[in-house]
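In the numbering used here, the protein residues as written are 55 to 537.
In this text, a Cβ means the ideal position worked out from N, Cα and C, and glycines have one as well.
Remember, it's a predicted structure, so these values are computed and weren't measured experimentally.
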Amino acid sequence: MAQKKKRTKTKMPIEECSLEMQAHIHQLGLSTVEDYRVWCRKHNFSRGLDKNSRQLRNELDLVTTIKASKIMANEKKTRNLKEIIPKIYDGKLQREEIRNPVAKEITLAFERSNSRKVLLHLLLYLGENSDLLKDTSYIRGVETIANHAESWIRPIETWQVKRHNRDRQFSELLRHLFVAYDIPSFMDRVWFTENEMHQNWYKHIGSGQNIRTAPDIPVSLTKKMAHHFLRAPKQYTVEEALRWGQVHALGGDKRLMDALRGTILTRNFRNDDFWLNVIRFFIANPMLDVSHVHPIIDYIWNQKFENQRVFVERGIAEEIGPAQPNFSMRGRTPETLLHQVNEWHRQLGRETRGGDFQWTPSEIGEFHFREGSEQKRNLKYWHIRELLSTNELIDESRKMNHCVRTYAKSCYTGKTSIWTMESEDEKGRSKVLTVEVSRPENLIRQVRGKRNRLPTRTEKFLLERWAAQENLKIAEYLQFRQA
Numbered sequence: 055m056a057q058k059k060k061r062t063k064t065k066m067p068i069e070e071c072s073l074e075m076q077a078h079i080h081q082l083g084l085s086t087v088e089d090y091r092v093w094c095r096k097h098n099f100s101r102g103l104d105k106n107s108r109q110l111r112n113e114l115d116l117v118t119t120i121k122a123s124k125i126m127a128n129e130k131k132t133r134n135l136k137e138i139i140p141k142i143y144d145g146k147l148q149r150e151e152i153r154n155p156v157a158k159e160i161t162l163a164f165e166r167s168n169s170r171k172v173l174l175h176l177l178l179y180l181g182e183n184s185d186l187l188k189d190t191s192y193i194r195g196v197e198t199i200a201n202h203a204e205s206w207i208r209p210i211e212t213w214q215v216k217r218h219n220r221d222r223q224f225s226e227l228l229r230h231l232f233v234a235y236d237i238p239s240f241m242d243r244v245w246f247t248e249n250e251m252h253q254n255w256y257k258h259i260g261s262g263q264n265i266r267t268a269p270d271i272p273v274s275l276t277k278k279m280a281h282h283f284l285r286a287p288k289q290y291t292v293e294e295a296l297r298w299g300q301v302h303a304l305g306g307d308k309r310l311m312d313a314l315r316g317t318i319l320t321r322n323f324r325n326d327d328f329w330l331n332v333i334r335f336f337i338a339n340p341m342l343d344v345s346h347v348h349p350i351i352d353y354i355w356n357q358k359f360e361n362q363r364v365f366v367e368r369g370i371a372e373e374i375g376p377a378q379p380n381f382s383m384r385g386r387t388p389e390t391l392l393h394q395v396n397e398w399h400r401q402l403g404r405e406t407r408g409g410d411f412q413w414t415p416s417e418i419g420e421f422h423f424r425e426g427s428e429q430k431r432n433l434k435y436w437h438i439r440e441l442l443s444t445n446e447l448i449d450e451s452r453k454m455n456h457c458v459r460t461y462a463k464s465c466y467t468g469k470t471s472i473w474t475m476e477s478e479d480e481k482g483r484s485k486v487l488t489v490e491v492s493r494p495e496n497l498i499r500q501v502r503g504k505r506n507r508l509p510t511r512t513e514k515f516l517l518e519r520w521a522a523q524e525n526l527k528i529a530e531y532l533q534f535r536q537a
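See the structure below:
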């Protein structure tokens, strides 16, 4: 008797799911539709792929509960830190012998520390009296606090935990050790950096003194600017908070300040009197779409301060002075300035001097994503790749009508890498976004579409997938379209 052939069930590719369902599956920590269905069966959820927001939320809530249980189990493993830390301090336990990630980070802290004995005492106390050693992200901050032990105004032994939230525990620890007067939350992040100047500003403000008199402050602040500086949002850097103070004292608002984040004005304070006039220009023209702020600042910086690099032949360039060193905001209107910016973008797209001047690729990998299927006749591919020559930047500027051509020097020196997102279907390949990644931080700092449009939700999803794949960070201030 002939045996019946078993019918094999074809597994559904995840790319055939909606982007929302793909994102949900990845949020659960899974990678395939089959894995998702197995997970749903295991946890008594429907195995279907057409679910409402409440069903998706219930699944995510379960994952949160499971993760919490794992954290509790991991916390049991960290209880032996009291025994491990002295061994690390004495050199009896080497980094390669340690599996606990917190203990490994503590080993690095001791290797870097200028105050090893203080750090030992601080770690042992915090291990017994807080939750801060249950997370690797706080070890760097604890190390920095130990390096400033000579500035502690209270003994560590008198500090007691009042909250379970670790961020708040760290914040309260700082205020116990350094602060006699109120200090804004955004200043806390300076303890996770190597910027000793900002750490001294923290102690300066915490002792009741004004930011205006802080040592080596790069700008001159009015009393009103200093007042607003203290009210900058928690997620701001110190440099962004300085601009926040200036913008609000001059009559600007959060909308304008958010547009300034990520521009050179939050990284460079030279020629500040001139840039305050630029800020006044934006404030005086509230109907100017803030999406133009970044391109306008790029244009002004290039024309007034940036030396022009002229490629005379392949691999050989000459530098000349800025195009408009006497550039002034006097008499300019939004219409004329935007016209000049657009003309500049078009000029960048036409420039071909110097040929294909190239630089080495960064260590960041490319991204490729498949959406849809041939069966449904909606197949589309997405690509993110690095631009590696002057000619490629020129082509990107011309096709996208923006100023990415000006990043050639930064790319060549390794300060920045520029990437292009493209989509591919039966009609061919099209450019979608241009992405700036700062190095060595690997921070996605700027993302723009054609004519500087903001990225869509779908494009945001793809950027997040790429960031997760390559361990990139996405700047908090980046804006995305709501629809």
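Checklist entry - Counting only runs that start and end within the stretch 262–340, where is the alpha helix (DSSP H) found for 4 or more residues in a row? => result 277–283, 292–303, 308–314 and 326–338
Checklist entry - Of the choices Glu-530, Glu-524 and Arg-511, whose alpha-carbon is the least far from that of Ala-77? => result With distances taken between Cα atoms, Ala-77 lies closest to Arg-511.
Checklist entry - If you pair each beta-carbon of the stretch 267–286 with each one of the stretch 294–310, do three or more pairs fall below 8 Å? => result yes
Item to check | Coarse secondary structure for Glu-524, derived from DSSP in three states | outcome: helix
Item to check | Three-state secondary structure assigned by DSSP to Tyr-235 | outcome: coil
Item to check | Arg-407, buried or exposed, once every other Cβ within 10 Å from all chains shown has been counted against 16 | outcome: Its pLDDT being 45, under 50, Arg-407 is placed unreliably in this model, and the value from its coordinates should be taken loosely. Its Cβ having fewer than 16 others within 10 Å, Arg-407 is exposed.
Checklist entry - Whose CA, out of Pro-238, Ile-351, Pro-349 and Leu-310, lies closest to the CA of Ala-338? => result Leu-310
Checklist entry - When DSSP builds the beta bridges, which residues end up paired with Ile-374? => result Gln-362
Item to check | Presumed contact (8 Å Cβ cut-off) between Ser-382 and Asn-506, rounded CB distance | outcome: Not quite, the Cβ-Cβ distance comes to about 24 Å (not below 8 Å), so this is no contact.
Checklist entry - Looking only at C-alpha atoms, which of Glu-480, Arg-499 and Met-475 sits nearest to Thr-488? => result Met-475
Item to check | Identified DSSP bridge partners for Tyr-435 | outcome: Arg-424 and Glu-478
Item to check | Collapsed DSSP secondary structure at Ser-492 in the structure displayed | outcome: strand
Item to check | One or two residues paired with Ser-484 in a DSSP bridge | outcome: Paired residues: Ser-477.
Next on the checklist: My assumption, with CB atoms under 8 Å, is that Gln-394 sits in contact with Tyr-353. Please give the rounded CB distance.
Outcome noted: Indeed, because the Cβ distance is near 7 Å, the residues count as touching under 8 Å.
Checklist entry - Mind checking whether Arg-297 and Thr-320 have CB atoms under 7 Å apart? => result Yes, they are a contact pair.
Checklist entry - On the three-pair Cβ rule with 8 Å, is the stretch 520–531 touching the stretch 408–424? => result yes
Next on the checklist: According to DSSP, is Ile-472 part of a helix, a strand, or is it coil?
Outcome noted: Annotated three-state conformation of Ile-472 is strand, per DSSP.
Checklist entry - For Gln-533, which of Leu-314, Tyr-256 and Lys-146 has the nearest alpha-carbon? => result Leu-314
Item to check | Secondary structure of Ser-225, DSSP reduced to three states | outcome: helix
Next on the checklist: Can you find the residues in the same chain that come closer than 6 Å, C-beta to C-beta, to Gly-426, ignoring five residues on each side of it along the sequence?
Outcome noted: Asn-432, Leu-433 and Lys-434
Item to check | Glu-513, buried or exposed, once every other Cβ within 10 Å from all chains shown has been counted against 16 | outcome: It is buried - the Cβ of Glu-513 has at least 16 other Cβ atoms within 10 Å.
Item to check | Check whether Leu-186 and Gln-214 have beta carbons under 7 Å apart | outcome: no
Next on the checklist: Quick check on the DSSP output: the beta strand (DSSP E) that includes Val-501 runs from which residue to which?
Outcome noted: 497–502
Checklist entry - In terms of alpha-carbon separation, which member of Asp-236, Pro-209, Thr-444 and Leu-284 lies closest to Cys-465? => result Thr-444
Next on the checklist: By the DSSP assignment, the alpha helix (DSSP H) with Gln-429 in it spans what residues?
Outcome noted: Per DSSP, Gln-429 belongs to no alpha helix (DSSP H) and is neither H nor E.
Item to check | Gln-214 (DSSP reduced to helix, strand or coil) | outcome: coil
Item to check | Residue nearest to Ser-451 in terms of C-alpha spacing, selected from Pro-349, Trp-413 and Ser-205 | outcome: Pro-349
Checklist entry - What residues in its chain sit with their C-beta under 7 Å from that of Leu-16, if we drop five residues either side in the sequence? => result Not covered by the structure: residue 16. The range shown for the chain is 55 to 537.
Next on the checklist: According to DSSP, simplified to helix, strand and coil, what is Glu-129?
Outcome noted: Bear in mind that the predicted position of Glu-129 carries a pLDDT of just 47, short of 50, making it too unreliable to give a figure here.
Item to check | Cys-71: first and last residue of the uninterrupted alpha helix (DSSP H) it sits in | outcome: First-last for Cys-71: undefined, no H or E at that position.
Item to check | Per DSSP, cross-strand counterpart(s) of Ser-443 | outcome: Paired residue(s): Gln-412.
Next on the checklist: DSSP three-state label for Thr-406, please.
Outcome noted: Residue placement at Thr-406 is poorly supported in this model, since its pLDDT is 42, which falls under 50; the coordinates are not used for a value here.
Next on the checklist: Looking at Leu-392: is its Cβ nearer than 7 Å to the Cβ of Gln-412?
Outcome noted: no
Next on the checklist: So the candidates are Pro-287, Gln-263 and Asn-322; which of them puts its Cα closest to the Cα of Val-273?
Outcome noted: Answer by Cα proximity: Asn-322.
Item to check | First and last residue of the uninterrupted alpha helix (DSSP H) at Leu-173 | outcome: Unbroken alpha helix (DSSP H) run through Leu-173: 170–183.
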